[in-house]
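Participant: One structure coming up, written as structure tokens, with questions to follow.
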Amino acid sequence: MKYAIGIDIGGTNTVLGLVDNQGVILGRDTMLTKDESPSQDDYFKRLFHKVSELTESHPGTEPVGIGIGAPNGNHYSGMILDPPNLDLGNVHVPTIAMEYTRLSVVLTNDANAAALGEKMFGRARNMDDFVLITLGTGLGSGVFTNGQLLVGHGGFAGEMGHIIIDPKGRECSCGKRGCLEMYASAKGITETVIDFQKQFPDDTLLNTLIYGASENGQLGHIDGRVLDTAFDENNETAHNIYNYTAEKLGQGLAQAATLLEPEAFIFYGGIAKAGNRMLDGAKKAMNDNLMSFQQEKIELLLSGLPVGDAGLLGAASLVFNSQ
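Rendered as structure tokens:
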């Protein structure tokens, strides 16, 4: 039996786990990606301290390596390049890892890691062509075509969150306007709530969502549980929020589907918990924007793995596949 450390770096949380080559997670831990002193050095010091604690708590399971999935992580270069939702700047992960561990480190994009985990252990085990979409703070995607993970010439294929769906739309942290993730993600839905509240300043739900997202005077992400409950109670505003989000998501899916023709889009992450509240409308919008011979042929599915597991398992699989 072989063991590896898998690390999934997200915009809000970083999840790490000790995994065997059968996909069993023997132990896990979580930490905030950003804390009160979110410097690059502080982050990796905290991270590798957690790695040490995890391995020491499971004697007899010495890992053979560390796999990391990170936003803007590049498999070829080992670099994380200024991820738009984090404050890590540019970092060569193998170099900084040498300060803390003797284990080899393999890096990829976080969505690619999740796609690999879904392929090996989730709903995509029998699929050769699919797109795994991570819906969290931002929107990422990992693409499998002909049974192979598509990484691209430079290692950055699959940046679906930065497909432009409105050239004059919302400004994205990447510097462009109208990126898909500015509409279909936690921060995108928050922006939608803010826009709606400007039009309807007395709406109870909108004010509740904005008030709940405010912490110490700064706006965070709205509480999806409140939005889901309101939707289920047939609140018109909640339906309008999800319908708007679904329409934008469907437009982006149609662009990707036209190019790739996957068997399915598989959704993973915190925002994916909305399920059919959003995906029913997204599927309709996708089909409305596809050519007739492509319509009604592509499934929209939820991940077969618990939130947090796909990225973790995929990151660990990077190590096993590199042995």
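Using UniProt numbering, the letters of the sequence shown correspond one by one to residues 1 to 323. Beta carbons are placed, not taken as given, at the ideal position from N, Cα and C, and that holds for glycine.
1) Give the range of the alpha helix (DSSP H) segment to which Asp309 is assigned.
2) With burial defined as no fewer than 16 other Cβ atoms inside 10 Å of the residue's Cβ, what is the status of Asp223: buried or exposed?
3) So is the beta-carbon of Ala257 under 7 angstroms away from any non-hydrogen atom of the ligand SAM?
4) Beta carbon of Cys174, beta carbon of Ile163: below 8 angstroms?
5) Among Gln251, Glu247, Gln255, whose alpha-carbon lies nearest the alpha-carbon of Gly281?
6) Can you tell me whether Arg123 is buried or exposed, with buried defined as 16 or more other CB within 10 angstroms of its CB?
7) Asn240 lies in the alpha helix (DSSP H); which residues open and close that run?
8) In whole angstroms, what separates the C-alpha of Thr134 from that of Ala114?
9) Which residue spans inside the segment 11-43 form an unbroken beta strand (DSSP E) run of at least 3?
10) Does the Cβ-Cβ distance between Gly161 and Ser141 come in under 8 angstroms?
11) Could you check the C-alpha separation between Asn216 and Thr61 for me, to the nearest Å?
12) I need the straight-line Cα distance from Gly147 to Asp129, nearest angstrom please.
13) Write down the C-beta distance between Gln294 and Glu261 rounded to the nearest angstrom, noting that I regard them as a contact closer than 8 angstroms.
Facilitator: So, from the listed chains and residues:
1) Unbroken alpha helix (DSSP H) run through Asp309: 309-322.
2) Per the 10 Å Cβ criterion, exposed.
3) This structure does not include the ligand SAM; it has no bound ligands of any sort.
4) Not a contact, by the Cβ cut-off of 8 angstroms.
5) Ranking the options by Cα distance to Gly281, first place goes to Glu247.
6) Buried, since its Cβ has 16 or more Cβ neighbours within 10 Å.
7) In the DSSP annotation of this structure, the continuous segment of the alpha helix (DSSP H) that includes Asn240 starts and ends at 236-260.
8) Near 8 angstroms, if we compare the C-alpha coordinates of Ala114 and Thr134.
9) Listed in chain order, the complete beta strand (DSSP E) runs (minimum 3 residues) inside the segment 11-43 are 13-20, 25-32.
10) In this structure, Ser141 lies closer than 8 angstroms to Gly161 by Cβ.
11) In this prediction, Asn216 has a pLDDT of 49, which is less than 50 and means its spatial position is unreliable; what the coordinates show is noted afterwards. Distance between the alpha carbons of Asn216 and Thr61 is about 43 angstroms.
12) Distance between the alpha carbons of Gly147 and Asp129: 6 angstroms.
13) Distance from Gln294 to Glu261 at the Cβ level is roughly 7 angstroms; contact confirmed, criterion being Cβ atoms closer than 8 angstroms.
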